[in-house]
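What follows is a short report on a single structure.
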Amino acid sequence: MLALLAAGSVFFPGLFLVSKRTLKLLMGWSEADAVVLSTRLVSSLQAVLASAAGCIIVSSCRDVMEDRHWLTEAYILFATPYFLYDIYAMFLCYRHKLLVKGHEEAGLVAVVSGYLRREVLMVLHHVFMVTFFKHSLWRRGRGDYFQGVLFLAELSTPSVSLGKVLIQNSLLHRLNGGVVLVSFCCCRVLLFPYLYYAYSRYASIPVLAVPLVAPWQCNLGAVLLWPLQLYWFCLICRGALRQFRRHPNAPPDRTHH
1 MLALLAAGSV FFPGLFLVSK RTLKLLMGWS EADAVVLSTR LVSSLQAVLA
51 SAAGCIIVSS CRDVMEDRHW LTEAYILFAT PYFLYDIYAM FLCYRHKLLV
101 KGHEEAGLVA VVSGYLRREV LMVLHHVFMV TFFKHSLWRR GRGDYFQGVL
151 FLAELSTPSV SLGKVLIQNS LLHRLNGGVV LVSFCCCRVL LFPYLYYAYS
201 RYASIPVLAV PLVAPWQCNL GAVLLWPLQL YWFCLICRGA LRQFRRHPNA
251 PPDRTHH
């Protein structure tokens, strides 16, 4: 257990530092650009690893409640440090954006306060994910299938990160925007209703009866996480609508990024 936690604690920050240093030394990028892209690269890699783990787990579990796969708890332990690292990485991105805009005089307390105000939902999401992963280890060996499905929520992350890289190319940016819309809807918005539907089929009960028999931790997780996904999906839809209404030759809208 401690070995996997330690491995995740070294792997994600270490990859960020190596990526940032490589972009600066070999590519000649500025500190701010290197930090932002390195953060997105690490996030995308974590998403790929989580999605791969989810695919393996889901495909291996015939019985959605009783079948087990060793990768479930192993990846939970390995990935938990990522969410704590990412809170700090997002803070670095925010601080560098302030520096680029000429706000060098802002003190640390003001920067942290501004970051928390701007990214409060994402920070709360990450903190909750750490708590959720911790409680996922206490499932008493049941429900690996559902944990694997939750890992698949990360399938939408690479396209979200890629959209911010492709902003200079109008056509590719629009195409990727369509991918973001579909993947986020399937992997984030529809994920929670599917979890309840899958359990209703397993238990042979109506879907609406599942919250009455599901563990309170599962219902609490859905209540806290699903509204966030719906909120972010609405923002994505609004951005996509604005993007497709714009004239094809118009410059990309940077305000939403």
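With full-length UniProt numbering, you'll find the sequence shown wraps up at 257, consecutive numbering, no jumps.
Even for Gly, the Cβ is constructed at its ideal location relative to N, Cα and C.
I need the DSSP call for Pro211, collapsed to helix, strand or coil. helix
Drop a sphere of 10 angstroms on the beta-carbon of Ser204, count the other beta-carbons inside from all chains shown, and report buried for 16 or more, exposed for fewer. So Ser204 ends up on the exposed side.
Sorted by chain position, which residues of the same chain lie with C-beta nearer than 7 Å to Val35's C-beta, five sequence neighbours on each side aside? Lys20, Leu92, Cys93 and His96
State the DSSP-derived secondary structure class of Trp232, mapped to helix, strand or coil. helix
Nearest-angstrom Cα distance between Phe128 and Leu121? 10 Å
If you drop the 5 nearest sequence neighbours on each side, which residues of the same chain put their C-beta closer than 8 Å to that of Met1? Leu77
Use the C-beta contact count for Cys234: other C-beta atoms within 10 angstroms, 16 or more gives buried, fewer gives exposed. exposed
What's the gap between the Cα of Asp33 and the Cα of Trp70? 38 Å
Tell me whether the beta-carbon of Leu230 lies closer than 8 Å to the beta-carbon of Val180. no
For Gly143, the first and last residue of its enclosing alpha helix (DSSP H): Careful: Gly143 lies outside any alpha helix (DSSP H) and carries neither H nor E.
Is it the case that the Cβ atoms of Gln243 and Arg140 are separated by a distance below 8 Å? no
Following the continuous alpha helix (DSSP H) through Val183, name the residue where it begins and the one where it ends. Note that residue 183 corresponds to Ser in the displayed sequence, not to Val. From DSSP, the alpha helix (DSSP H) with Ser183 extends over Ser170 to Phe184.
Look at the Cβ atom of His126, then the Cβ atom of Leu228, and state whether they are nearer than 8 Å. no
Leu37 versus Asn176 - alpha carbon distance: Roughly 17 Å separates the two Cα atoms.
Once DSSP output is grouped into helix, strand and coil, what is the label at Glu119? coil
Given this structure, state the Cα-to-Cα distance separating Ser9 from Tyr82, to the nearest angstrom. About 7 Å.
Can you confirm whether Tyr75, when its beta carbon is compared against all beta carbons of chain B, has any partner nearer than 8 Å? Chain labels in this structure do not include chain B; a single protein chain is all it has.
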